[in-house]
Every structure is written in C-alpha cells, then in structure tokens.
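J.: To convert, note that position 106 of the sequence shown is 105 in numbering that gives the first Met the number 0; the numbers rise steadily by one, no gaps. The C-beta atom is built at its ideal place from N, Cα and C for all residues, glycine as well. Here the structure is a predicted model, which is why all the values come from computation and not from measurement. Can you read through this structure? Questions will come right after.
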Amino acid sequence: MNIAIIGSGSIGTALARRLIEAGHQVTITSRSPASAREAAEGSGATVVETAIDAVADAAVVFLAVPWDAVEGLAHDLAPVAAGKIVVDVTNPMKPDGSGPLFGGNGSGAERLAAWLPGARIVKAFNTIFGSNLAGGRSRDGFRLDGFVAADDPDARMAVLRLATELGFDPIDVGPLTNAGPLEALAWLNISLNIANGWPWQSGWKLVGAERAILDPAA
Ligand SMILES: NC(=O)c1ccc[n+]([C@@H]2O[C@H](COP(=O)([O-])OP(=O)(O)OC[C@H]3O[C@@H](n4cnc5c(N)ncnc54)[C@H](OP(=O)(O)O)[C@@H]3O)[C@@H](O)[C@H]2O)c1
C-alpha cells in the first residue's frame with residue numbers, strides 16, 4: 000500500500016520504519032527538508048517535498064504533526080485528500096500542558112473531519128508512544144492495543160489491519176465520536192509519565208475484550 004506520513008518527528012519516523020518493515024511503500028514529508036531527509040535515512044522512507052505531493056499518490060495518509068499545524072495542513076490538502084484514508088495521530092493539548100485541549104467537547108479528529116470533508120478520517124495510533132511502536136509491546140512485555148475510531152467502516156477496517164500488521168491488538172472503537180475518549184486516554188498516559196518520571200514505555204491494554212481476529216495478509 001502507498002502510505003504518506005506528514006511529520007517526521009518521533010512518531011512519524013517510528014511509523015515510517017514499522018510500516019516499511021511491514022512491506023508498505025512509505026513517503027515522508029515535513030516542514031523542513033532536512034528533518035524529512037533525516038527521518039528517511041533512519042526509516043527507509045522516500046522523502047517528498049510537500050504534503051500535497053505526498054498525499055497525491057497515497058491511499059493512506061498519517062498526520063503526525065503538532066495539533067496546531069493540523070488546520071493549515073487540512074486547508075492545503077483539501078484539493079487532493081478526497082476519498083483518502085487520513086489517520087489522525089495527534090493529541091491536541093492545552094497550551095500550558097494541563098490537559099486535553101477539547102476535553103468533553105468533541106475531539107481534534109472531529110474538527111479535522113469538518114476541515115477535510117471529502118477524506119475518510121480515522122483516529123488511531125495516538126494512544127501509542129513512539130517508543131512502543133518498535134515491537135508493539137510495553138516494556139513489561141504486554142502486546143498493546145491499537146484503538147481505531149472512524150465513521151467509514153472500510154477505512155476503520157483498513158487501519159485495524161495496519162495496527163495488526165504493526166504488532167498491536169486491534170480494537171474497533173466505532174465511530175469518530177469516540178476519538179475524544181481516545182485523546183483523553185492518550186492524555187492520561189502522558190500525564191502519568193510526566194508526573195512520575197516514567198520512561199514513556201507504558202501503554203493501554205483492555206483486558207477481557209473480544210477482539211476481531213484480523214489476518215494482515217487478507
Ligand atoms: N511522540 C509520540 O510518542 C506520540 C505518540 C502518539 C501521538 N503523538 C502525536 O503525534 C504528533 C507528532 O508528535 P511528535 O512527538 O512526533 O512531534 P515532533 O517530534 O515534534 O515532530 C513533529 C513533526 O511535525 C512536523 N511539522 C510541523 N508542522 C508541520 C507542517 N505544517 N507541515 C508538515 N510537517 C509539519 C515537524 O517538522 P520539522 O521537523 O520540520 O519541524 C516535525 O517533523 C503530535 O500531535 C503528538 O501529540 C506523538
């Protein structure tokens with residue numbers, strides 16, 4: 000699958016590396032070409048100059064940028080994003096870092112869906128730290144959950160498969176209105192790491208859940 004990653008920081012680079020290992024063709028782009036080049040060298044992705052170029056040839060696009068860049072990017076991508084699966088990895092935070100930006104009032108993903116009405120928006124991978132992407136496991140060995148929310152069932156299924164390929168246990172959390180709880184879940188884990196000085200290797204595992212068995216090859 001052709002996959003574009005916009006944002007070549009911690010999570011964008013880790014996603015690129017793992018998606019390439021899983022056999023996908025991955026392009027990566029960033030604000031600064033130097034940063035994208037460095038990420039490409041570390042992951043094997045191909046650098047693309049602009050986000051529009053990256054999205055044009057991609058079936059799936061990962062938005063791995065700070066939240067405050069998302070509205071501008073959505074505006075730029077609107078002409079080329081129709082029909083594409085756009086995976087929102089972001090965790091919108093209050094500027095003072097005191098909590099999720101939209102706590103109790105929708106989510107970043109729903110705002111993105113309003114800014115990119117033609118695209119198929121999926122919330123996923125935002126609850127997973129880049130440090131846990133390498134093996135899909137927490138440092139104490141648990142296979143972590145890959146929570147996926149989207150209104151488009153085919154897009155949701157495609158990203159559940161990607162999560163499975165990357166070593167996570169897929170959990171279908173239903174429509175995009177559940178992106179808010181996923182952003183809150185991510186915030187809770189972030190705040191615990193900050194408060195306790197943990198090494199950013201904790202992650203979420205829902206016990207007792209019935210899981211879809213997804214064959215990544217299917
Ligand atoms: N780090 C994690 O473990 C993690 C986990 C889950 C979710 N997230 C979320 O993922 C997002 C990225 O996090 P991160 O830790 O990877 O951040 P980061 O290391 O600061 O990287 C952000 C990347 O976004 C790029 N960028 C910023 N504005 C852009 C624009 N307008 N167009 C294209 N690229 C742009 C930056 O470009 P330059 O390099 O050129 O500055 C940089 O490559 C955040 O929303 C975060 O909440 C992070």
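Where does Thr-126 fall in DSSP's three states?
T.: Thr-126 sits in coil when the DSSP states are folded into three classes, being neither helix nor strand.
J.: Under 8 Å: do the stretch 75 to 92 and the stretch 117 to 124 share three or more Cβ pairs, one atom per stretch?
T.: yes
J.: Less than 7 Å between the CB of Ser-7 and some heavy atom of ligand 1, yes or no?
T.: Here the distance from the Cβ of Ser-7 to the nearest heavy atom of ligand 1 is below 7 Å.
J.: If we ignore side chains and look at the alpha-carbon of each, how far apart do Glu-164 and Val-158 end up?
T.: Spanning the two alpha carbons is a distance of roughly 10 Å.
J.: For Val-54, write down the residues that DSSP places opposite it in a beta bridge.
T.: None; Val-54 has no bridge partner.
J.: Taking the CB atoms as reference points, tell me whether Gly-43 and Thr-12 lie closer together than 8 Å.
T.: no
J.: Is there contact between the stretch 138 to 149 and the stretch 180 to 198, where contact requires at least three CB pairs shorter than 8 Å?
T.: yes
J.: Name the two residues that bound the continuous alpha helix (DSSP H) containing Gly-71.
T.: Looking at the DSSP string, the run of the alpha helix (DSSP H) that includes Gly-71 is 69 to 76.
J.: For Asp-171, which three-state DSSP category applies?
T.: strand
J.: Exposed or buried, which one is Gly-140 when buried takes at least 16 other CB atoms within 10 Å?
T.: exposed
J.: Rounded to the nearest angstrom, what separates Glu-48 and Thr-28 at their Cα positions?
T.: 6 Å
J.: At a cut of 8 Å, does the stretch 3 to 10 reach the stretch 51 to 69 through at least three beta carbon pairs?
T.: yes
J.: Compute the distance between the beta-carbons of Pro-169 and Arg-210, then report whether it is under 8 Å.
T.: yes
J.: When the Cα atoms are used, what is the spatial distance from Gly-96 to Asn-188?
T.: Gly-96 and Asn-188: Cα-Cα distance of roughly 13 Å.
J.: Answer yes or no: the CB of Thr-26 versus the heavy atoms of ligand 1, is any distance below 7 Å?
T.: no
J.: Need the endpoints of the alpha helix (DSSP H) that Leu-62 sits in, please.
T.: Per DSSP, Leu-62 belongs to no alpha helix (DSSP H); it is in the beta strand (DSSP E), 59 to 62.
J.: Taking 7 Å as the cut-off, is the beta-carbon of Asn-90 closer than that to any non-hydrogen atom of ligand 1?
T.: yes
J.: Ala-21: beta carbon under 7 Å from a heavy atom of ligand 1?
T.: no
J.: Suppose the cutoff is 7 Å on Cβ atoms and the five residues either side in sequence are ignored; what does the same chain contact list for Ala-73 look like?
T.: Leu-111, Trp-114 and Leu-115
J.: Exposed or buried, what is Ser-201 when buried is set at 16 or more other beta-carbons lying within 10 Å of its beta-carbon?
T.: buried
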